[in-house]
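Enquirer: Below: one structure in structure tokens.
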Amino acid sequence: TYHEPCDVLMPDCYPDFQLRGPVRKPMVETAQYMQTAKELNRVPWIVPQGFDWSFYKGGGAKYATSRGPTLDELRCQAHLSVVHGARGIIWYTYGHTSSSYHFRWGKEFVERELHSLFPALLAPELPSAVTSSNANVHCALRKVGEHAYLFAVNVEPTPQKATLTLEN
Numbered sequence: 028t029y030h031e032p033c034d035v036l037m038p039d040c041y042p043d044f045q046l047r048g049p050v051r052k053p054m055v056e057t058a059q060y061m062q063t064a065k066e067l068n069r070v071p072w073i074v075p076q077g078f079d080w081s082f083y084k085g086g087g088a089k090y091a092t093s094r095g096p097t098l099d100e101l102r103c104q105a106h107l108s109v110v111h112g113a114r115g116i117i118w119y120t121y122g123h124t125s126s127s128y129h130f131r132w133g134k135e136f137v138e139r140e141l142h143s144l145f146p147a148l149l150a151p152e153l154p155s156a157v158t159s160s161n162a163n164v165h166c167a168l169r170k171v172g173e174h175a176y177l178f179a180v181n182v183e184p185t186p187q188k189a190t191l192t193l194e195n
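The numbering of the sequence shown is this note's numbering, which starts it at 28 and goes up by one.
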């Protein structure tokens, strides 16, 4: 509705991780948000979930079974955003800290990991340069000088098998 005056679209993608059972929103929604931003010809940034919904008292019972993301889930959100063209990531932490190891050190780990890949993250996308045989494994190939960077992200909580095919 409000995208016309914006240069950057920065959706909040909160899967709402559960203590038991699957996430309330599939991880692939992050990819869908990024695709929408690109289709609207806007720079895609992302605000991934870096908090535990159960701390939100305004949600009542709806969030009582929520939990914060694990390190793997933090990495999945960040790298999935990158695969689909995110040019910025700002974690939403809901203004509190958690005793969870994942919260305390996970975001810092992911940020350092992404920082080490910084040139590849901002390199132009190479559409159709890599394809996956499995729809649950999203991938992208980026080139920086003579170096190629292959990103592959599993959007499911279980291990997946995929064949990645590089163009040429």
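The beta-carbon is built from N, C-alpha and C at its ideal position, and this holds for glycine as well.
1. DSSP three-state label for V164, please.
2. Between the beta-carbon of L107 and the beta-carbon of W72, is there less than 9 angstroms?
3. Select from F136, D34, L101 and P154 the residue whose C-alpha is nearest the C-alpha of N195.
4. With a threshold of 6 angstroms on Cβ separation, who are the neighbours of V164 within its own chain once the five nearest residues in sequence on each side are excluded?
5. If the criterion is Cβ atoms closer than 9 angstroms, does the pair S160 and T120 meet it?
6. For K170, which of helix, strand or coil comes out of DSSP?
7. What residues in its chain sit with their C-beta under 6 angstroms from that of R94, if we drop five residues either side in the sequence?
8. Whole angstroms is fine: what's the gap from G48's alpha carbon to G115's?
9. If you measure between the beta carbons of V171 and A156, is that distance less than 9 angstroms?
10. Roughly how many angstroms lie between the CA atoms of V74 and I117, to the nearest whole one?
11. Would you mind sorting T28 into buried or exposed? The rule is 16 or more other CB atoms within 10 Å of its CB.
12. Buried or exposed, going by whether 16 or more other CB atoms sit within 10 Å of the CB of G87?
13. Considering only C-alpha positions, which residue in the set K89, A105, P53 and P38 is nearest to H142?
14. Output needed for R69: all residues of its chain with C-beta closer than 8 angstroms, excluding positions within five of it in sequence on either side, in chain order.
Expert: According to the data block:
1. Here residue 164 is taken as the residue at index 137 of the sequence shown, counted from 1. It is a strand residue.
2. To locate residue 107, count along the sequence shown from 1; it is residue 80. To locate residue 72, count along the sequence shown from 1; it is residue 45. At a Cβ-Cβ threshold of 9 angstroms, L107 and W72 do not count as neighbours.
3. What you label residue 195 is simply residue 168 of the sequence shown in a count that begins at 1. Checking every option, the nearest Cα to that of N195 belongs to P154.
4. Position 137 of the sequence shown holds residue 164. Closer than 6 angstroms at Cβ, skipping near neighbours: A179, N181, Q187 and A189.
5. Reading the sequence shown from its first residue, position 133 is the one you call residue 160. Reading the sequence shown from its first residue, position 93 is the one you call residue 120. Not closer than 9 angstroms, so no.
6. Your numbering for residue 170 matches position 143 in the sequence shown. Note: K170 maps to strand in three-state DSSP.
7. Against the sequence shown, residue 94 aligns to sequence position 67. Only F44, L46 and D79 meet the Cβ criterion.
8. Here the question's residue 48 lines up with position 21 in the sequence shown. Here the question's residue 115 lines up with position 88 in the sequence shown. Those two C-alpha atoms are separated by around 30 angstroms.
9. Position 144 of the sequence shown, counting from 1, holds the residue named residue 171. Position 129 of the sequence shown, counting from 1, holds the residue named residue 156. At least 9 angstroms separates the beta-carbon of V171 from that of A156.
10. As a first step, residue 74 is located in the sequence shown; it is residue number 47 there, counting from the start. As a first step, residue 117 is located in the sequence shown; it is residue number 90 there, counting from the start. C-alpha separation (whole angstroms): 5 angstroms.
11. Working through the sequence shown from its first residue, we reach residue 28 at position 1. The Cβ neighbour count for T28, taken over all protein chains shown within 10 Å, is under 16; the residue is labelled exposed.
12. Within the sequence shown, the letter at position 60 stands for residue 87. Exposed.
13. Within the sequence shown, the letter at position 115 stands for residue 142. Ranking K89, A105, P53 and P38 by Cα distance to H142 puts A105 first.
14. Working through the sequence shown from its first residue, we reach residue 69 at position 42. Hits under 8 angstroms: H30, C33, D34, V35 and L36.
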